[in-house]
Amino acid sequence: MRGLRFANVQRDEVMHLVREHMFHYEDCWNDGAVRRFIARVGEDNLGELFQLRMADSFAMQGTEPPPALLLPLQKRIDAVLEAAHAFSLKDLCIKGGDIIELGVTDGKKIGLLLNQLLEAVLEDPALNTYSKLKQIALVLISHLKNFNTE
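What follows is the structure in structure tokens.
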């Protein structure tokens, strides 16, 4: 793609889709696993990812894959998206400035805390309130401080 002078953004998008297209979905995935999948892939990339997966399946088998190949995962994704939960840092009810107010000033630690809070919310969307995330952040900060002093 570089030789064909595609823009960096397009190359990055294609690399991301290729990197993610070999996922292995099982019906035993819980809703948290589905939310983490959506967060990792990106909600805007799901359609293209499924198209790539179908094309890859066709190329490998030489026959058109059954239309329902990805239907179970698509139904789970639709249900999770319908519930409108947080899938990225920007969707959290707590922001970096709030973490700074809690006494953390190191940018890397702020990023680490926000990512841990997002993981918690992906597992349990009910935690995505300012007060609950602040409580979790305070616990995480105390663990960071204890870790740094040992």
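With my numbering applied, the sequence shown closes on residue 1184, and no number is skipped along the way. Here a beta-carbon is modelled for each residue, glycine too, at the ideal position from N, C-alpha and C. Since we're looking at a predicted model, the values are computed, not measured.
Status (buried if at least 16 other CB within 10 Å, exposed otherwise) for residue i
i       : result
Phe1057 : exposed
Val1114 : buried
Leu1172 : exposed
Ile1134 : exposed
Arg1036 : exposed
Phe1071 : buried
Val1138 : buried
Phe1092 : exposed
Three-state class that DSSP yields for residue i in the structure shown
i       : result
Arg1156 : One point to set straight first is that residue 1156 is Leu, not Arg, in the sequence displayed. DSSP places Leu1156 in helix when its eight states are reduced to three.
Val1075 : helix
Leu1172 : helix
Val1068 : helix
Asn1162 : coil
His1177 : helix
Extent of the continuous alpha helix (DSSP H) run through residue i
i       : result
Asp1125 : Where Asp1125 is concerned, there is no enclosing alpha helix (DSSP H), given that its DSSP letter is neither H nor E.
Leu1107 : Leu1105 to Glu1116
Gly1037 : Run containing Gly1037: none; DSSP gives neither H nor E here.
Leu1086 : Leu1080 to Gln1095
Val1043 : Asn1042 to Glu1054
Gly1131 : Gly1130 to Glu1135
Beta-carbon proximity list for residue i, same chain, < 6 Å, skipping 5 on both sides
i       : result
Leu1104 : Phe1084
Reference residue i; option with closest CA among the options
i       : options                               : result
Gly1081 : Leu1148, Asn1162, Ile1170 and Leu1051 : Leu1051
Leu1151 : Gly1037, Met1088 and Ile1175          : Ile1175
Asn1079 : Gln1108, Thr1139, Asp1140 and Ala1154 : Gln1108
Leu1161 : Ala1102, Thr1139, His1119 and Lys1142 : His1119
Gly1066 : Val1155, Tyr1164 and Glu1060          : Val1155
Close-in-space but distant-in-sequence residues of the same chain around residue i (CB under 8 Å, 5 per side omitted)
i       : result
Leu1086 : Leu1051, Val1052 and His1055
Beta-carbon proximity list for residue i, same chain, < 7 Å, skipping 5 on both sides
i       : result
Glu1184 : Note on Glu1184: pLDDT 42, under 50, position unreliable in the model; the coordinate value appears next. Same-chain partners within the cutoff: there are none.
Any C-beta of chain B under 9 Å from that of residue i
i       : result
Arg1039 : Going by chain labels, chain B is absent from the structure shown, which holds only one protein chain.
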